[in-house]
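Structure first, then comments.
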Amino acid sequence: MIDPIEAALGFFFQAKHVECCRVFHGRGQLFQGLEHVCLDWYAPVLLITAYKSNIDIDAFLTVIDKADLHSQITSILLQKRYEEGAPVEILKGTVPDKILALEDGLVFEVRLGKQQNSGLFLDMRPLRSWVKANCDGRNVLNLFAYTCSFSVAALAGGANSVTNVDMSKTSMRWGLENHAHNRQDVSLVNQIPYNVFTSWGRIKQLGRYDLVIIDPPTRQRRSFDAEKNYGSVIKRMTQLCNDRADIIATLNSPFLDQQFLLDKFSKNAPAAEFVESIPAAEEFEDKYPGKALKILRFKYRERRRLT
Numbered sequence: 004m005i006d007p008i009e010a011a012l013g014f015f016f017q018a019k020h021v022e023c024c025r026v027f028h029g030r031g032q033l034f035q036g037l038e039h040v041c042l043d044w045y046a047p048v049l050l051i052t053a054y055k056s057n058i059d060i061d062a063f064l065t066v067i068d069k070a071d072l073h074s075q076i077t078s079i080l081l082q083k084r085y086e087e088g089a090p091v092e093i094l095k096g097t098v099p100d101k102i103l104a105l106e107d108g109l110v111f112e113v114r115l116g117k118q119q120n121s122g123l124f125l126d127m128r129p130l131r132s133w134v135k136a137n138c139d140g141r142n143v144l145n146l147f148a149y150t151c152s153f154s155v156a157a158l159a160g161g162a163n164s165v166t167n168v169d170m171s172k173t174s175m176r177w178g179l180e181n182h183a184h185n186r187q188d189v190s191l192v193n194q195i196p197y198n199v200f201t202s203w204g205r206i207k208q209l210g211r212y213d214l215v216i217i218d219p220p221t222r223q224r225r226s227f228d229a230e231k232n233y234g235s236v237i238k239r240m241t242q243l244c245n246d247r248a249d250i251i252a253t254l255n256s257p258f259l260d261q262q263f264l265l266d267k268f269s270k271n272a273p274a275a276e277f278v279e280s281i282p283a284a285e286e287f288e289d290k291y292p293g294k295a296l297k298i299l300r301f302k303y304r305e306r307r308r309l310t
């Protein structure tokens, strides 16, 4: 049953890799019987994420050892997402306290085994690249900033300033560490470690923005629900955006498609015109693209009164 995993491992590890990457994406439902398994590479650690308990660990270790031609893997971890707290079992080596993952010349700290998520969403790699390439001289607003990977990309791309907003103080401190790892000037960064919905005054006070990134969780207990709250966030864009600002809106719900976002913008920010969809990282191919990650870019055009 694990033949597709063996093939993916063999293909990936035939060369040396220093950059983080998803190696096998079972959640994309392209491999029958393996929908519950994903493999991620954070050199030198291979992380197996399992959403069901029917994992043949010995078989996995055998195919991994066979594939590791250049002896790149020093640690193998199994995250049990089917158990409360998503605990991590060490299958080989040790769990480093911190791993500095490399992506597109930037460094991001990931922490494996301490919480459900690593601190870096690998499917967002193309968006980080877009941000890095399109931020020169711009003021950036990063809503639901998590560990501030977009902020790191923005400063790397020459942004004048970045305002990060996220209610998790732990994640925001983590974000500052990410900036430090990249030797970036944190005086260009404004951190607002509070709920987005109670922070609009402070966000507006820091000025209008040339790029706004809206990257919320689909549903976060007591703080955000995409169906109920996304429209109210979009409605604020008219107060926050400079003319010709870019607005990036993401959605990672299997129950809400791209049209959901298009409708929300049409209703709440009609001056924002849809420009394009930005794809997720190519290794996150999905059998049902409409249920996978959606990344949409809009261009805000300020409506001036005729005189």
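Per my numbering, the very first residue in the sequence shown carries number 4; after that it's consecutive. Even for Gly, the Cβ is constructed at its ideal location relative to N, Cα and C.
The distance from the Cβ of Phe-153 to that of Arg-131 is about 6 angstroms, consistent with a contact at the 8 angstroms cut-off. Ala-156 is positioned such that its CB atom lies closer than 8 angstroms to that of Leu-109. Note on geometry: alpha-carbon atoms of Asn-181 and Ile-5 lie some 36 angstroms from one another. The beta carbon of Tyr-197 sits closer than 7 angstroms to those of Met-170, all from its chain and outside the five residues before and after it, given in chain order.
Scanning its chain for C-beta atoms nearer than 7 angstroms, with the 5 sequence neighbours on each side dropped, one finds around Arg-205 the residues Ile-195, in chain order. Val-91 sits in a strand when the DSSP states are folded into three classes. Here Ala-272 really is in contact with Met-240; their C-beta atoms are around 5 angstroms apart, less than 8 angstroms. The C-beta of Gln-82 has 16 or more other C-beta atoms within 10 Å across all chains shown, which makes the residue buried.
Here DSSP, grouped into helix, strand and coil, assigns Val-98 to coil. Here Leu-72 is not bridged, per DSSP, to any residue.
Runs of the alpha helix (DSSP H) spanning 4 or more residues and lying entirely within the segment 185-250 occur at 203-208, 229-238, 240-243, in chain order. For Ile-298, DSSP records a beta bridge to Thr-253. By the criterion of at least three beta-carbon pairs nearer than 8 angstroms, the segment 260-268 is not in contact with the segment 84-98. When only Cα atoms are considered, Asp-228 and Ser-256 end up about 11 angstroms apart. In this structure, Leu-243 sits away from Lys-297, with a CB-CB distance that is not shorter than 8 angstroms. The beta-carbon separation of Asp-139 and Gly-116, rounded to 38 angstroms, does not stay under the 8 angstroms limit for a contact. As the crow flies, the alpha-carbon of Ile-250 is around 43 angstroms from that of His-73. When the five nearest sequence neighbours on each side are left out, the beta carbons in the same chain lying within less than 8 angstroms of the beta carbon of Pro-47 are those of Gln-75, Ile-76, Thr-77, Ser-78, in order along the chain. Rounded to the nearest whole angstrom, the C-alpha separation of Phe-63 and Glu-286 is 20 angstroms.
Beyond the five residues adjoining it in sequence on each side, Leu-105 comes within less than 6 angstroms, by CB distance, of Val-21, Glu-22 in the same chain, given in chain order.
With respect to the C-alpha of Asp-71, the residue from Gln-35, Lys-19, Ile-58, Arg-114 having the closest C-alpha is Lys-19. Assignment of Ala-159 by DSSP, reduced to helix, strand and coil, places it in the helix class.
The beta carbon of Gln-119 sits closer than 6 angstroms to the beta carbons of Ala-89 from its chain, once the five residues preceding and following it are set aside; these are given in chain order. With contacts defined as CB atoms closer than 8 angstroms, Pro-7 and Leu-37 qualify as a contacting pair. For Lys-302 and Phe-277, the gap between their C-alpha atoms comes out near 6 angstroms. If you draw a 10 Å sphere on the C-beta of Phe-14, you find fewer than 16 other C-beta atoms in it, and that means exposed.
The DSSP-derived three-state label of Leu-49 is strand. Just so you know, the alpha carbons of Ala-148 and Asn-167 end up roughly 6 angstroms apart. For Ala-136, the number of other beta carbons within 10 angstroms of its own is below 16, and it is reported as exposed.
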